[in-house]
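This report refers to the structure that appears directly beneath it.
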Amino acid sequence: MTTGSSSTSSSSHTGRPATAGGAISTFKGQDRALHAGRLGTGGLLLSVLAATAPLMVVAGVMPTTFAVMGIVGQPLLFVILGVVLVLFSVGYAEMSRHVHNAGAFYAYVARGLGGTAGAGAAAVALVAYSALQFGIYGVFGFEVSGLFATYAHVDVAWWIPALIAVLAVGALSWLKIDVNALVLGVLLVVEVALVVIFDIAAVADPAKEGLSLHAFNPDTLTGAGVGTALCFCIAAFTGFEQAPVYAEETSRPHILVPRVMFLAIGFVAVFFALSSWALTIAAGPSGIVGAAQKQSAGLLFFLTESRLGGAFTDALHVLFVTGMFAALLSFHNVVARYAFAMGREGLLPSAFGRTTGASGAPGTGSLLQTGVSAIVLIAFAVTDDKPIGDPTAPVLHLFTWAGNVGALGVILLMAAASLSVIVFFARRGAARAQAWRLATSAIAAVALLVIAGYTVKDFDILVGAGPDSVLSWLLPALIAAALVVGLVQGLVLRSRKPDAHARIGLGNEAFQLDKAAESTS
9 MTTGSSSTSS SSHTGRPATA GGAISTFKGQ DRALHAGRLG TGGLLLSVLA ATAPLMVVAG
69 VMPTTFAVMG IVGQPLLFVI LGVVLVLFSV GYAEMSRHVH NAGAFYAYVA RGLGGTAGAG
129 AAAVALVAYS ALQFGIYGVF GFEVSGLFAT YAHVDVAWWI PALIAVLAVG ALSWLKIDVN
189 ALVLGVLLVV EVALVVIFDI AAVADPAKEG LSLHAFNPDT LTGAGVGTAL CFCIAAFTGF
249 EQAPVYAEET SRPHILVPRV MFLAIGFVAV FFALSSWALT IAAGPSGIVG AAQKQSAGLL
309 FFLTESRLGG AFTDALHVLF VTGMFAALLS FHNVVARYAF AMGREGLLPS AFGRTTGASG
369 APGTGSLLQT GVSAIVLIAF AVTDDKPIGD PTAPVLHLFT WAGNVGALGV ILLMAAASLS
429 VIVFFARRGA ARAQAWRLAT SAIAAVALLV IAGYTVKDFD ILVGAGPDSV LSWLLPALIA
489 AALVVGLVQG LVLRSRKPDA HARIGLGNEA FQLDKAAEST S
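Under our numbering, the residues of the sequence shown are numbered 9 to 529, in order.
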């Protein structure tokens with residue numbers, strides 16, 4: 009598999025061994041490498057954008073932010089966050105030219121801050137992305153249950169369609185990644201098209217205040233709710249940072265991965281800013297908060313009903329579900345690849361570090377995620393304090409709890425990756441040549457840490473719990489616990505298996521170096 013000359017040559021500058029002779033035998037088979045050339049720019053972009061679940065954000069996250077925070081200037085928040093994440097992406101994209109690893113975040117952290125820190129980041133990534141997927145399963149089950157009740161007049165417990173989705177996602181993930189990309193692409197394009205139609209309809213038929221730009225006024229971002237609103241909105245961007253996860257499955261990762269990241273972040277920032285503005289136009293800047301509080305997650309459908317009719321609204325409900333399915337598949341693919349990378353580098357059992365037959369998919373990692381997802385859903389359905397048949401349970405609890413835990417983990421991973429970019433290039437003696445990229449990474453790291461601080465501080469608001477609720481510290485503690493477990497594992501590996509510790513973050517590069525060493529021995 010080709011990883012690019014820059015990736016191979018960079019290992020000698022990290023201060024860590026490039027290969028570990030005692031572990032050569034573990035990397036002999038091609039099943040330790042993901043298949044290159046599966047994805048081009050289009051397939052990679054669609055796989056990444058599917059995780060952002062555009063329709064779910066417009067129909068779910070945006071009304072919630074308006075209602076809970078009372079912030080009219082949500083469109084401006086998306087613009088501000090877009091700038092912050094572009095600054096983050098400058099260094100992150102440059103790092104992707106030098107490190108091609110399905111472990112992405114943790115590989116970057118390992119190459120910058122060392123193997124032990126990389127092990128900690130790996131555990132956080134596994135928990136964070138899994139939590140995001142668990143939360144979406146909850147709201148997916150809720151919406152499908154609602155569709156059955158509305159159109160078939162049949163009561164279906166939310167966990168039944170959620171578990172069926174687990175099996176369907178697992179089956180698709182077992183297939184080739186290009187098949188996944190096709191499924192994701194079709195679903196994504198249709199849901200984006202429907203949102204754009206609503207945006208145009210809102211502009212063509214605004215509320216009594218007309219085409220007001222009040223939502224972009226900085227004065228709308230005053231008050232105690234701004235920090236928490238940032239937490240809600242940054243969760244909507246989650247997905248663009250996944251492009252490096254697929255680096256090994258592209259033919260030119262040093263070109264395609266940075267290109268896709270910038271295309272994704274640009275599209276998401278503009279699309280969400282315009283769509284949230286369209287909501288304020290349709291309801292009126294003075295009425296958007298009240299409308300969101302009254303309609304909740306039904307706000308978008310309420311606004312389309314009067315402008316575009318019942319048939320369009322019905323189609324929107326269906327595409328809301330398929331869009332969530334696309335996001336589930338995207339997150340599942342990412343978690344499976346993290347498990348694959350961790351298994352290949354000794355952070356999980358080696359069985360997870362193998363691909364599956366001709367498909368080249370990380371099959372064992374996919375099975376792991378399928379099994380864990382099923383267990384979590386069953387456990388939640390049995391133990392939740394609401395009746396199993398209550399369709400609000402997964403939205404009020406599973407979606408908000410797991411979603412915010414995952415978002416916190418990703419924010420911290422982005423901050424750690426920004427710091428790692430600085431250290432990586434400084435250690436290579438390239439600080440002066442990369443000065444402007446390191447500066448953008450430093451600014452992004454500070455901004456992301458501030459957002460993470462607000463997230464932890466206001467976690468009780470984010471999950472709808474009281475200020476004295478145990479959930480306000482217990483849920484963020486899951487990310488802290490994952491970090492501690494990963495760091496301890498890293499320290500143990502460094503003490504007992506230094507060769508394995510030296511491999512953390514090297515991924516397929518170590519495989520290539522081992523083959524070269526074996527051929528000359």
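We put the CB at the ideal spot given by N, CA and C, even for glycine.
Between A173 and F148, the beta carbon gap of about 6 Å places them in contact (Cβ cut-off 8 Å). Short of 7 Å from the beta carbon of L491, and not among the five residues preceding or following it, lie these beta carbons of its own chain, in chain order: G128, A131, V132. Pairing A450 with F320, the inter-Cα distance amounts to about 45 Å.
The criterion of a C-beta distance shorter than 8 Å is not satisfied by S381 and W182. Looking at the DSSP output, T158 shares a beta bridge with no other residue.
Three or more beta-carbon pairs separated by less than 8 Å link the segment 292-300 to the segment 63-78, which places the two stretches in contact. Counting only residues of its own chain and dropping the five nearest sequence neighbours on each side, L95 has a CB closer than 6 Å to the CB of T448, I451, A452.
When secondary structure is reduced to three states using DSSP, T258 falls in the strand class. The alpha-carbon of F275 is positioned some 46 Å away from that of R504. The alpha helix (DSSP H) runs of length 4 or more contained entirely in the segment 69-94 are, from start to end of the chain, 70-77. Spatial neighbours of A460 in its own chain (CB-CB distance under 8 Å, excluding positions within 5 residues in sequence) are listed in chain order as L416, I419, L420, A423. Under a 10 Å Cβ-count criterion, V98 is classified as buried, with 16 or more other Cβ atoms of the shown protein chains found around its own Cβ. Rounded to whole angstroms, the separation of the alpha carbons of S138 and A344 is 10 Å. Counting only residues of its own chain and dropping the five nearest sequence neighbours on each side, L316 has a CB closer than 8 Å to the CB of I205, F206, A209. Taking C-beta atoms under 8 Å as the contact rule, F280 and A244 qualify, at a distance of about 6 Å. Under the three-state reduction of DSSP output, E217 falls in the coil class, being neither helix nor strand. With 16 or more neighbouring CB atoms inside 10 Å of its own CB, Y254 falls in the buried class. About 18 Å separates the CB atoms of L336 and N412; that is not less than 8 Å, and the two are not in contact. By the criterion of a C-beta distance shorter than 7 Å, V211 is surrounded in its chain by L219, A286, I289, once the five residues flanking it on both sides are discounted. Boundaries cannot be given for S358, as no alpha helix (DSSP H) includes it and DSSP labels it neither H nor E.
In summary, N225 is exposed, with fewer than 16 beta-carbon neighbours lying within 10 Å of its beta-carbon over all protein chains present. Our two residues, V194 and D466, have alpha carbons roughly 37 Å apart in a direct line. DSSP, read as helix, strand or coil, puts P475 in coil.
Ranked by Cα distance from A125, the options L482, A237, R502 are led by R502. When the five nearest sequence neighbours on each side are left out, the beta carbons in the same chain lying within less than 7 Å of the beta carbon of L406 are those of F142, G143, G146, F388, in order along the chain. About 11 Å separates the beta carbon of L84 from that of L238, a gap too long to meet the 8 Å contact definition. If the five residues before and after I296 are omitted, its C-beta is found closer than 7 Å to the C-beta atoms of F74, V80, L287, T288, all from its own chain and listed in chain order. Under a 10 Å Cβ-count criterion, P475 is classified as exposed, with fewer than 16 other Cβ atoms of the shown protein chains found around its own Cβ. For K465, the enclosing alpha helix (DSSP H) begins and ends at 443-465.
For P252, no alpha helix (DSSP H) encloses it, and the DSSP letter there is neither H nor E.
Note that the C-beta distance between L63 and V203 is below 8 Å. Sixteen is the threshold: when 16 or more other Cβ atoms of the shown chains lie within 10 Å of the Cβ of H262, as they do, the residue is buried. Here I430 has L446, S449 as same chain residues with Cβ atoms under 6 Å from its own Cβ, once five neighbours each way along the sequence are excluded.
Ranking A67, R119, A61, M103 by CA distance to the CA of G513 puts R119 first. For H509, the number of other beta carbons within 10 angstroms of its own is at least 16, and it is reported as buried. The criterion of a C-beta distance shorter than 8 Å is satisfied by T312 and L324.
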